[in-house]
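Student:
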Amino acid sequence: QVQLVESGGGVVQPGGSLRLSCAASGFTFSRNAMHWVRQAPGKGLEWVAFIGYDGRKQSYADSVKGRFTISRDTSKNTLFLQMNTLTPEDTAVYYCAKAVGGSNWADFDYWGQGTLVSVSS
Amino acid sequence: QTVVTQEPSLTVSPGGTVTLTCASSTGAVTSGFFPDWFQQKPGQAPRSLIYSANNKHSWTPARFSGSLLGGKAALTLSGVQPEDEAEYYCLLYSAGAWVFGGGTKLTVL
Numbered sequence: 001q002v003q004l005v006e007s008g009g010g011v012v013q014p015g016g017s018l019r020l021s022c023a024a025s026g027f028t029f030s031r032n033a034m035h036w037v038r039q040a041p042g043k044g045l046e047w048v049a050f051i052g053y054d055g056r057k058q059s060y061a062d063s064v065k066g067r068f069t070i071s072r073d074t075s076k077n078t079l080f081l082q083m084n085t086l087t088p089e090d091t092a093v094y095y096c097a098k099a100v101g102g103s104n105w106a107d108f109d110y111w112g113q114g115t116l117v118s119v120s121s
Numbered sequence: 122q123t124v125v126t127q128e129p130s131l132t133v134s135p136g137g138t139v140t141l142t143c144a145s146s147t148g149a150v151t152s153g154f155f156p157d158w159f160q161q162k163p164g165q166a167p168r169s170l171i172y173s174a175n176n177k178h179s180w181t182p183a184r185f186s187g188s189l190l191g192g193k194a195a196l197t198l199s200g201v202q203p204e205d206e207a208e209y210y211c212l213l214y215s216a217g218a219w220v221f222g223g224g225t226k227l228t229v230l
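Chains as they are written, first to last, in our numbering: chain A, 1 to 121; chain B, 122 to 230.
(1) Assess, as a yes-or-no matter, whether the segment 124-134 of chain B is touched by the segment 166-180 of chain B under the definition of 3 or more beta carbon pairs within less than 8 Å.
(2) Mapping DSSP to helix, strand and coil, what is F27/A?
(3) Give me whichever residues DSSP pairs with S118/A in a beta bridge.
(4) List in chain order: all unbroken beta strand (DSSP E) runs of 3+ residues lying wholly within the segment 174-198 of chain B.
(5) Return the first residue and the last residue of the beta strand (DSSP E) that G101/A is part of.
(6) So with Cβ pairs under 7 Å, would you call F108/A a contact of chain B?
(7) If the cut is a Cβ gap below 7 Å, which residues of chain A does Y210/B touch?
(8) Helix, strand or coil, according to DSSP, for K76/A in the structure here?
(9) Taking 6 Å as the limit between beta carbons, can you name the residues of its chain near A144/B, skipping five residues before and five after?
(10) Which residues in chain A sit within 9 Å of A218/B, going by Cβ to Cβ distance?
(11) Would you kindly report the start and end of the unbroken beta strand (DSSP E) that includes F159/B?
(12) Are the Cβ atoms of R67/A and N84/A separated by less than 7 Å?
(13) Between the segment 91-107 of chain A and chain B, which residues of the former have a C-beta closer than 7 Å to a C-beta of the latter?
(14) Counting only Cβ pairs nearer than 8 Å, list the residues of chain A close to A144/B.
(15) Could you check which residue in A92/A, G114/A, F27/A and R38/A has the C-alpha nearest to that of V12/A?
(16) Using a Cβ-Cβ cut-off of 7 Å (strictly less than) and excluding sequence neighbours within five positions of K162/B, which residues of its own chain qualify?
(17) Show which residues of chain B have a CB atom less than 9 Å away from the CB atom of W111/A.
(18) What does DSSP give as the partner residue(s) for L229/B in the beta ladder?
(19) Under 9 Å between beta-carbons, which chain A residues line up against F221/B? List them in chain order, please.
(20) What is the DSSP secondary structure of S152/B, reduced to helix, strand or coil?
(21) So that I know if they touch, is there some Cβ in chain A lying closer than 7 Å to that of S179/B?
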């Protein structure tokens, strides 16, 4: 069965960096686009970043552009989110999500359980 | 940037029918926006329900259906169950980015 397991969250000071990972299993990782989505405490969902199945295409929300980088390692079936210059507004649960796959890169199907990032001094 | 608008809250009686909508600030929502719908219960990760406006995942209960209605994406629940009480989010793709709506809190009462 499809599993997405996020890790790497924690407490970090403003201005600091953190790298999140999402370990994927149960599907052909190299054939699926992937996303990161976040949810601040008590707030709604916010799309963060997208990466194409082969890693060649990425896109970012304006709120993280220039600070966050999405990447993937097909040999390890793992998705990453490098987060730099963090601010308290980046405090959230971060979810990885899988695109439906095949020719469908735009729709979502499976989600991980999330990892909490807290930016505080 | 595109703003996606949903009803903040709706209330429905058990067994009833309710329609949630999702509008784009850029104009009519079409299939090219790849409208998706998600359900989220407190303390849980979101769960995908509908993709590309009207397609169900294998796990989506039959009482959920998606459509394009009057220039908006719509999610209809028919024969609502108590366990359908949750927050529902729509998601639209536009110009290389994805945007979530603010969510609709559905109360079953």
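Beta carbons are placed, not taken as given, at the ideal position from N, Cα and C, and that holds for glycine. Predicted, not measured: the structure shown is a model, and the values here were computed from it.
Tutor: Put simply:
(1) Counting C-beta pairs closer than 8 Å gives fewer than three between the segment 166-180 of chain B and the segment 124-134 of chain B, which falls short of the contact rule.
(2) Locating residue 27/A in the first sequence gives position 27, where the first residue counts as 1. Three-state result, F27/A: coil.
(3) If you number the first sequence from 1, residue 118/A lands on position 118. In DSSP, S118/A forms a bridge with V11/A.
(4) If one requires a minimum length of 3 residues, the beta strand (DSSP E) runs lying completely within the segment 174-198 of chain B are 185-190, in chain order.
(5) Position 101 of the first sequence, counted from the start, is the residue given in the question as residue 101/A. Boundaries of the beta strand (DSSP E) around G101/A: A92 to G101.
(6) Stepping through the first sequence from its first residue, residue 108/A is reached at position 108. Interface annotation, F108/A: in contact with chain B, CB-CB separation under 7 Å.
(7) Within the second sequence, residue 210/B is the residue found at index 89, counting from 1. Neighbourhood of Y210/B in chain A, by CB distance below 7 Å: G44 and L45, in chain order.
(8) Residue 76/A sits at position 76 when you count from the first residue of the first sequence. In this structure, DSSP gives K76/A a helical state, which the three-state scheme calls helix.
(9) Locating residue 144/B in the second sequence gives position 23, where the first residue counts as 1. Annotation for A144/B: T126 and K193 place their beta carbon closer than 6 Å to its own, counting only its chain and skipping 5 residues before and after.
(10) Stepping through the second sequence from its first residue, residue 218/B is reached at position 97. Listed by position along chain A, the residues whose Cβ is nearer than 9 Å to that of A218/B are W47, F50, S59, Y60, A61 and D62.
(11) On the second sequence, residue 159/B is found 38 positions in, with the first residue counted as 1. Counted as a single uninterrupted DSSP element, the beta strand (DSSP E) harbouring F159/B occupies residues D157 to Q161.
(12) Reading the first sequence from its first residue, position 67 is the one you call residue 67/A. Reading the first sequence from its first residue, position 84 is the one you call residue 84/A. Their beta carbons are under 7 Å apart, which means R67/A touches N84/A by this criterion.
(13) Those residues of the segment 91-107 of chain A placed with their C-beta closer than 7 Å to a C-beta in chain B are Y95, V100, A106 and D107, ordered along the chain.
(14) Here residue 144/B is taken as the residue at index 23 of the second sequence, counted from 1. Those do not exist, as A144/B stays about 15 Å from chain A at its closest Cβ, beyond 8 Å.
(15) Mapped onto the first sequence, residue 12/A falls at position 12. Checking every option, the nearest Cα to that of V12/A belongs to A92/A.
(16) Taking the second sequence and counting its residues from 1, the one referred to as residue 162/B is at position 41. A207.
(17) By one-based count along the first sequence, residue 111/A stands at place 111. Against W111/A, the close residues of chain B are F159, A166, P167, R168 and S169, in the order they occur along the chain (beta-carbon pairs closer than 9 Å).
(18) Along the second sequence, read from residue 1 onward, the residue named residue 229/B stands at position 108. The question names Leu, but residue 229/B is Val in the sequence shown. DSSP, once it has assigned bridges, lists V133/B as partnering V229/B.
(19) Along the second sequence, one-based indexing puts residue 221/B at 100. What F221/B touches in chain A: V37, G44, L45, E46 and W47.
(20) In the second sequence, the residue the question calls residue 152/B occupies position 31. Residue state, collapsed to three classes: helix.
(21) Counting from 1 along the second sequence, the entry for residue 179/B is found at position 58. Interface flag for S179/B against chain A is unset, since no Cβ pair is found closer than 7 Å.
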